[in-house]
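Notes for the one structure printed next.
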């Protein structure tokens, strides 16, 4: 029995009791050692933060020189083994793998990563990370390694140039009085360049847009961004840029003498005329047109040293849109070609001027088309008769006016001003709200009856209607009733006059101004514009409202 008791460890022998006391002492010393090691891990977390603190919270671990730790699966100490330790935190990963991970993070998150510890800060100095961020966020396709050999690192390029000026990328409208404009700021090579987009020479509406650089920002001469004015004919020169306000920035030229020419204002005017219109003053025989051209030169020359730009967006594409919205260039008589932005608001199609003239300035609603009121064209013989076409359109116009009068009688006095077409200078807030109301009734534009015209039908302009383009499409898809905005010089006595909107195809449409007996042809801009689309329809409508307030 005594032997069995000693083998089982439950007996009362002196040797068994000594063995039990020895085991208890060993366990006590092990627990003391574990407590000391835990204290060594908790201490560094107060100064190093993230990675070491996360490891201490995971359970018993082993402290390392870089502040990281290793914990085995069971939460016990790994006191050496045959295989390599398993990484339990980012700090345990090899540097080359951390470079791959950090390269996938947005550049705005990398400063926070650097706060984790010394190891992360050192890895973030790797050029590969910043080179990939430049390409991923700003679509840079140049060989940045050549630039790095030249003395400008990819990190400096991102931190000093691309990131600080990222908010000015996209589309802008310069504040040039009634004339407006279209500016596109892009990353072009190792520069940020502001390109002014100019319509083609009148009346070649199918020609591509022309571009002219207004300014550029770069780091070629120092480790900090430098802004240069590109206006004039003497090359780049010193300038400044201010970007303090949201959705607005300003540029200033510090060397306006670079804008002057040896021959004085006369030489400057002739050079501007050839660039703007593609002809000389002697080739323009229309006296009124000469006056408009001279007036534009005098007015725009006042803005050659300082300009303010305001953010604009392209409209988002909605499922109910009749065709793709966007930018179009169109003919406006003696004023030449102008740029408009076409957008859909429920059952309404609207075209807003981005460039304007002294009669109807930029920012105003030039066309307002009701897609719920189609017009079925007669045969070609009757289309040539302006009286027949006017009768069809004016019948719809009279119906619209009767409906507006009935709505005005029933509606409260406070809402009478919101009736569609009641005022030629209606605010953008009114017509935006009307688009929402119309959309709630019908989100599918166009006719819903069986009498809708076919997809393609013959089209010809009526006799007596003036057109800047003798060549225009001879078939159209659909026609709708609409109104166009006309006004006197200085935007006096503005009014909406009835007309016919003609959709030729996805990239072309026209408008017949019945009162003026003239025809405007519009062609889509095909330029690829980055950072241009509005994030949502609400943001776009707010931009339209602000745009009209700038020029009203």
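Residue numbers (the numbering used here): 26 to 577.
Glycine included, each C-beta is placed from N, C-alpha and C at the ideal position.
- Between residue 144 and residue 116, the CB-CB gap stays under 7 Å.
- Secondary structure note for residue 146: its alpha helix (DSSP H) is the uninterrupted segment 143-148.
- Nearest C-alpha to residue 364 among 372, 347, 386, 373: 386.
- For residue 296, the enclosing alpha helix (DSSP H) has its first and last residue at 289-302.
- The beta carbons of residue 396 and residue 347 sit about 6 Å from each other, so the pair counts as a contact at 8 Å.
- If you draw a straight line from the Cα of residue 504 to the Cα of residue 369, it comes to about 16 Å.
- In the three-state scheme derived from DSSP, where H, G and I count as helix and E and B as strand, residue 411 is classed as helix.
- Segment contact: the stretch 276-296 against the stretch 239-257, three or more CB-CB distances shorter than 8 Å; contact assigned.
- Judged by DSSP in its simplified three-state form, residue 226 adopts coil rather than helix or strand.
- Judged by DSSP secondary structure, residue 236 falls within the beta strand (DSSP E) whose first and last residues are 235-243.
- DSSP places residue 370 in the uninterrupted beta strand (DSSP E) bounded by 362-370.
- Inter-residue distance for residue 338 and residue 201 is about 18 Å (C-alpha atoms, whole angstroms).
- In the DSSP assignment, residue 323 falls within the unbroken alpha helix (DSSP H) covering 312-326.
- Spatial neighbours of residue 232 in its own chain (CB-CB distance under 8 Å, excluding positions within 5 residues in sequence) are listed in chain order as 225, 226.
- Counting every other CB atom within 10 Å of its CB across the protein chains shown gives residue 551 a total below 16, marking it as exposed.
- Beta-bridge pairing by DSSP links residue 273 to 335.
- DSSP places residue 352 in the uninterrupted beta strand (DSSP E) bounded by 351-356.
- Rounded to the nearest whole angstrom, the CA to CA distance from residue 414 to residue 406 is 11 Å.
- Collapsing the DSSP output to three states places residue 497 in coil.
- The Cβ-Cβ distance between residue 507 and residue 542 does not fall below 7 Å.
- A residue is called buried when at least 16 other Cβ atoms come within 10 angstroms of its Cβ; residue 259 does not meet this threshold and is exposed.
- Note on the stretch 500-553: whole beta strand (DSSP E) runs with a minimum of 3 residues are 503-513, 517-530, 533-538, 543-549, in chain order.
- Residue 393 is bridged by DSSP to 375, 508.
- Going by beta carbons, residue 275 and residue 325 fall outside the 7 Å limit.
- In this structure, residue 393 and residue 375 form a Cβ contact; the two beta carbons are roughly 6 Å apart against a cut-off of 8 Å.
- DSSP places residue 559 in the coil class of the three-state scheme, outside both helix and strand.
- Sorting 317, 531, 523 by C-alpha distance to the C-alpha of residue 498 places 531 at the top.
- Counting the other Cβ atoms within 10 Å of the Cβ of residue 209 gives 16 or more, which makes it buried.
- Taking C-beta atoms as the reference points, residue 356 and residue 545 count as a pair closer than 7 Å.
- Check the Cα spacing between residue 128 and each of 156, 502, 204: the tightest is with 156.
- The count of Cβ pairs closer than 8 Å, one atom from the stretch 517-530 and one from the stretch 549-563, stays below three, leaving the stretches out of contact.
- A buried status is given to residue 215, since no fewer than 16 other beta-carbon atoms sit within 10 Å of its beta-carbon.
- Of the candidates 189, 286, 261, 189 places its Cα closest to the Cα of residue 269.
- Counting along the chain, the unbroken alpha helix (DSSP H) around residue 120 starts and ends at 120-128.
- When C-alpha distances from residue 569 are compared across 391, 221, 491, 161, the shortest belongs to 391.
- For the pair residue 409 and residue 483, the CB atoms are not nearer than the 7 Å cut-off.
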